[in-house]
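Structure first, commentary second.
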Amino acid sequence: MVNLTTTNIHKSYGDFKALSNISIDVPAGSIFGLLGPNGAGKTTLIRIITQIIIPDQGSVLLSGRPIGPADIAIIGYLPEERGLYKKMQVGELLLYLGQLKGLRKAQAMEQIKIWFNKFEISGWWNKKVEDLSKGMQQKIQFIATVLHQPKLVILDEPFSGFDPINANIVKDEIINMAKEGTTVILSTHRMESVEELCDYMVLINKAEKILEGSKKTIKNRYKTNTYEVLHKKRLGMLNHGFTKVSELAVDDDFFKTTIKMEYDKTPNELLLQLMDQVEIHAFEELIPDMNEIFISAVKGVSHE
Amino acid sequence: MNKIFLIIAREYITRVRKKSFIIMSIIGPLLFGLMFVIPVWLATQEGDKKVIEILDESGYFKDKFSTDGSVSFVYVGSSLDEAKADLKGKEYYGLLYIPKFDLDKPDDITFFGEKNPSIEIQGMIERMLRNEIEDIKLTRSGIDKEQLEKIKTNIDLNVINMTDVGEKEGDVLVATATGYVASLLIYMFIFMYGIQTMRSVIEEKTSRIVEVIISSVKPFQLMMGKIIGVGAVGLTQFLLWIILTVVIYNTVLTFYGGEIPQTNQMEMVQQVPASTVDSPMKMVVEKIGTINFPLLLGAFLFYFIGAYFFYGSLFAAVGSAVDSDSDAQQFQLPITLPLILSIILLSAILRDPHGNLAFWASVIPFTSPVVMMMRIPFDPPGWHIALSMVSLILGFIFTTWLAGRIYRVGILMHGTKVNYRILAKWFMMKN
Numbered sequence: 012m013v014n015l016t017t018t019n020i021h022k023s024y025g026d027f028k029a030l031s032n033i034s035i036d037v038p039a040g041s042i043f044g045l046l047g048p049n050g051a052g053k054t055t056l057i058r059i060i061t062q063i064i065i066p067d068q069g070s071v072l073l074s075g076r077p078i079g080p081a082d083i084a085i086i087g088y089l090p091e092e093r094g095l096y097k098k099m100q101v102g103e104l105l106l107y108l109g110q111l112k113g114l115r116k117a118q119a120m121e122q123i124k125i126w127f128n129k130f131e132i133s134g135w136w137n138k139k140v141e142d143l144s145k146g147m148q149q150k151i152q153f154i155a156t157v158l159h160q161p162k163l164v165i166l167d168e169p170f171s172g173f174d175p176i177n178a179n180i181v182k183d184e185i186i187n188m189a190k191e192g193t194t195v196i197l198s199t200h201r202m203e204s205v206e207e208l209c210d211y212m213v214l215i216n217k218a219e220k221i222l223e224g225s226k227k228t229i230k231n232r233y234k235t236n237t238y239e240v241l242h243k244k245r246l247g248m249l250n251h252g253f254t255k256v257s258e259l260a261v262d263d264d265f266f267k268t269t270i271k272m273e274y275d276k277t278p279n280e281l282l283l284q285l286m287d288q289v290e291i292h293a294f295e296e297l298i299p300d301m302n303e304i305f306i307s308a309v310k311g312v313s314h315e
Numbered sequence: 019m020n021k022i023f024l025i026i027a028r029e030y031i032t033r034v035r036k037k038s039f040i041i042m043s044i045i046g047p048l049l050f051g052l053m054f055v056i057p058v059w060l061a062t063q064e065g066d067k068k069v070i071e072i073l074d075e076s077g078y079f080k081d082k083f084s085t086d087g088s089v090s091f092v093y094v095g096s097s098l099d100e101a102k103a104d105l106k107g108k109e110y111y112g113l114l115y116i117p118k119f120d121l122d123k124p125d126d127i128t129f130f131g132e133k134n135p136s137i138e139i140q141g142m143i144e145r146m147l148r149n150e151i152e153d154i155k156l157t158r159s160g161i162d163k164e165q166l167e168k169i170k171t172n173i174d175l176n177v178i179n180m181t182d183v184g185e186k187e188g189d190v191l192v193a194t195a196t197g198y199v200a201s202l203l204i205y206m207f208i209f210m211y212g213i214q215t216m217r218s219v220i221e222e223k224t225s226r227i228v229e230v231i232i233s234s235v236k237p238f239q240l241m242m243g244k245i246i247g248v249g250a251v252g253l254t255q256f257l258l259w260i261i262l263t264v265v266i267y268n269t270v271l272t273f274y275g276g277e278i279p280q281t282n283q284m285e286m287v288q289q290v291p292a293s294t295v296d297s298p299m300k301m302v303v304e305k306i307g308t309i310n311f312p313l314l315l316g317a318f319l320f321y322f323i324g325a326y327f328f329y330g331s332l333f334a335a336v337g338s339a340v341d342s343d344s345d346a347q348q349f350q351l352p353i354t355l356p357l358i359l360s361i362i363l364l365s366a367i368l369r370d371p372h373g374n375l376a377f378w379a380s381v382i383p384f385t386s387p388v389v390m391m392m393r394i395p396f397d398p399p400g401w402h403i404a405l406s407m408v409s410l411i412l413g414f415i416f417t418t419w420l421a422g423r424i425y426r427v428g429i430l431m432h433g434t435k436v437n438y439r440i441l442a443k444w445f446m447m448k449n
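Residue numbers (our numbering), protein chains in the order written: chain A, 12 to 315; chain B, 19 to 449.
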């Protein structure tokens, strides 16, 4: 198991600042979401971690020691812009990519077979890449990323191009890998995947880190103390500190009301008031989803 | 190092396996072979029989025109109009009308035909007329024809090179031909395989596999692996061509029972242009022996490889900077210009193979491979060769370094409109 830390990373291209003072902490064996709008600097950060480019300042530590060329063998990287050699056969291409990662030929063969079985594509060895559909090629790319059993896997938009069934297969594999101790960095715009998979995340916007932490703490931070109540009969006035945000008639005499409370008020106080006035059928705290958090965090910064 | 080898192996194997490589390897020597076969075939082939009517009113040419190859002659005694009418009805190739004429001013002789006579036939008729008229004139001036033949003298100037080793017979023609062939081969090779390197880089870039690869190896390793791999393919193809050409050549020789002695590969290559010159084959073969083959072959191999590295890395850099073949053209030009220039320079260098121009052009690495191969058959001073080789080595170290710096940035850039200023910026960029 490896954990990854970057400290105060700066990178600029001429006048353009790509990353400014980025420190992240990816716990070992976690699935870590690397989020941010297009052009925020995610790819630059990933390229620094994969040692494709060198930061102007700052360092990348893998389990506490500076990352080096030998670590290529324990990192697997699936870039967002990805492709394969179209004229090659699937088997020999995977063999080649595995060997480039430092696997011996026999090891690579063995791993390819394991993955071929997992993805039920055993007959593909002799197929030419150009004869495969896009989704099939994506599978091969995923295999190429994890073939050498990396301890750190970096996936940039791993689900793009997959149909829901195959996306699920890949998702399960990601969860599996993390369970077995692989550290996964997941960069995606699909917030539902983040919601589902990520334990920790960092949000980068315009080269700067604007949000980080575990999914739970981030969500708590973005809670607005808002509740949704399904009740019979219309709700009248509420005490000071409770505000009706919206009221929606559902069907005869049923209403769905959203209520926001001040931070010193508790749900029980709200319930007490409600019980006096209406018949409660459902009561639920509204927790913002990652999509909302993403948008409000990014907008919040850019409005400043 | 191990990874570079993997890259070379992939580049090599995927290319050599391609149908186009196999086809080119077979077609190449067939084309070379055809260069030998076609002249032989043409020479043995008889064209259509052509019959030419002759109306000789002068009386000088009675029975003087005799069948020559596929052309035969028929004398007619009728009037010009009748002969012309005759021409239309029968399948004569043409009518040669020789009116009475002044021997000193024979310009009324006319050829009538439905179409223009071929240059060959026109030449033949003119030659026959001229010979006959000259003979008549000779007889009239009382000169014996045999006497005249004896007086005619053939001169073939013997050229002796004064070298430290001793005197040695040289032949400008053979040296020229040798130089030309070697220069052109190098030029061709750089073009073919340099552009292939470039295409391959573009393909890797546009297919977006490059980022996967360079998360495993350094961009420079990828670039060098590709250049070496593609170069090895070129060398392989070249070797195949030589071997197959020799086989085809020898087969053809045995088939036609030619008298040319069996020669080694290089000599054979030399004979291509040499045979087009009006010099007896046997002499050419002898003269070829005067060329220093170990030097020529060694130099050829060196410049072949050196030039490819020098230009190949530049082509790779261009490939890394652009997104498509068509974008590549603006950057290809400055690379191909010195190559084309060196071909243009060849004729000037031939005029003075050891002059100033020749010296500088064969020392500057941009032109040196092509130009030096032209000079080597003329025995340039050893230190010229040494200097040229050292400068080529330094040159390709420089170009690969320069290319590597552009390449490492370029392969990750998509959709940028690239110009020279941006290239310079990439070059200066830290990692």
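Where is the CB? At the ideal position from N, CA and C, for every residue including glycine. Being a predicted model, the structure only gives us computed values, none of them experimental.
Rounding to the nearest angstrom, what Cα-Cα distance links residue i and residue j in this structure?
i, j, result
"G197/B", "P57/B", "23 Å"
"A27/B", "G247/B", "7 Å"
"V92/B", "E71/B", "5 Å"
"Y211/A", "E296/A", "22 Å"
"L313/B", "L175/B", "26 Å"
"H402/B", "P77/A", "51 Å"
"P47/B", "F39/B", "13 Å"
"T17/A", "S23/A", "16 Å"
"S234/B", "I86/A", "9 Å"
"Q289/B", "P395/B", "Note that Q289/B has pLDDT 45, beneath the 50 cutoff, so the model's placement of it is unreliable and the number below is only indicative. Cα-Cα distance, rounded: 14 Å."
"S293/B", "A195/B", "With a pLDDT of 42 at S293/B, under the threshold of 50, the modelled position of that residue is not reliable, and the figure given next carries that caveat. Going from the Cα of S293/B to the Cα of A195/B covers about 10 Å."
"A346/B", "F445/B", "18 Å"
"Q458/B", "D153/B", "Residue 458/B cannot be examined here, being either before or after the span of chain B that is shown, 19 to 449."
"I35/A", "I361/B", "59 Å"
"F23/B", "I213/B", "22 Å"
"K145/A", "G172/A", "7 Å"
"L222/A", "K255/A", "30 Å"
"M53/B", "L60/B", "11 Å"
Am I right that residue i and residue j are in contact with their C-beta atoms under 8 Å? What's the rounded C-beta distance?
i, j, result
"R33/B", "G94/A", "Not a contact, Cβ separation roughly 19 Å."
"G87/B", "T215/B", "G87/B to T215/B, Cβ: 51 Å. No contact."
"D167/A", "S198/A", "5 Å"
"L108/A", "L158/A", "7 Å"
Whose C-alpha, out of the options, is nearest the C-alpha of residue i?
i, options, result
"A325/B", "M206/B, K443/B, L375/B and I260/B", "M206/B"
"K223/B", "I116/B, A334/B, K123/B and T128/B", "A334/B"
"V37/A", "G252/A, V13/A, L285/A and Q62/A", "V13/A"
"I358/B", "S386/B, D343/B, V336/B and N374/B", "S386/B"
"I185/A", "E203/A, G172/A and C209/A", "C209/A"
"L14/B", "Y267/B, T272/B, L375/B and K106/B", "Because chain B in this structure spans residues 19 to 449, residue 14/B falls outside the shown range and cannot be described."
"V261/A", "L241/A, H159/A, I125/A and V195/A", "L241/A"
"F130/A", "M301/A, A155/A and P278/A", "A155/A"
"K138/A", "L108/A, E206/A, Y96/A and I306/A", "Y96/A"
"Y115/B", "S96/B, L375/B and E109/B", "S96/B"
"K133/B", "D122/B, R145/B, Y110/B and D126/B", "Y110/B"
"M202/A", "P169/A, M272/A and L249/A", "P169/A"
"Q149/A", "Q122/A, A189/A and E92/A", "E92/A"
"F318/B", "L271/B, F256/B and V340/B", "F256/B"
"M120/A", "G25/A, L106/A and K112/A", "L106/A"
"D67/A", "S41/A, L285/A, K28/A and L281/A", "K28/A"
"P398/B", "N310/B, G330/B, L351/B and V408/B", "N310/B"
"I215/A", "I65/A, K271/A and I33/A", "I33/A"
"I353/B", "G428/B, F209/B and N374/B", "F209/B"
"I229/A", "M188/A, E206/A and K276/A", "E206/A"
"V15/B", "N231/A, I42/A and P90/A", "Not covered by the structure: residue 15/B. The range shown for chain B is 19 to 449."
Identify the residues that DSSP records as bridge partners of residue i: which are they?
i, result
"T16/A", "D36/A and L72/A"
"N216/A", "E219/A"
"I165/A", "Y88/A and I196/A"
"V5/B", "The structure shown does not extend to residue 5/B, since chain B is modelled only from 19 through 449, so no value can be given for it."
Please decide whether residue i counts as near chain C, where near means a Cβ-Cβ distance under 8 Å.
i, result
"E303/A", "As a matter of chain content, chain C is missing from the structure shown, whose protein chains are A and B."
Does any heavy atom of the ligand GTP sit closer than 7 Å to the C-beta of residue i?
i, result
"A51/A", "Looking for the ligand GTP in the displayed structure turns up nothing, as the structure carries no ligands at all."
Which parts of the stretch 72–130 of chain A are runs of the beta strand (DSSP E), unbroken and 3 residues or longer, counting only runs that do not cross its ends?
86–89
At 4 residues or longer, and completely inside the stretch 172–206 of chain A: list those alpha helix (DSSP H) runs for me, N to C.
175–190
Counting only runs of 4+ residues fully inside the stretch 369–397 of chain B, write out the alpha helix (DSSP H) ranges in chain order.
374–379 and 386–393
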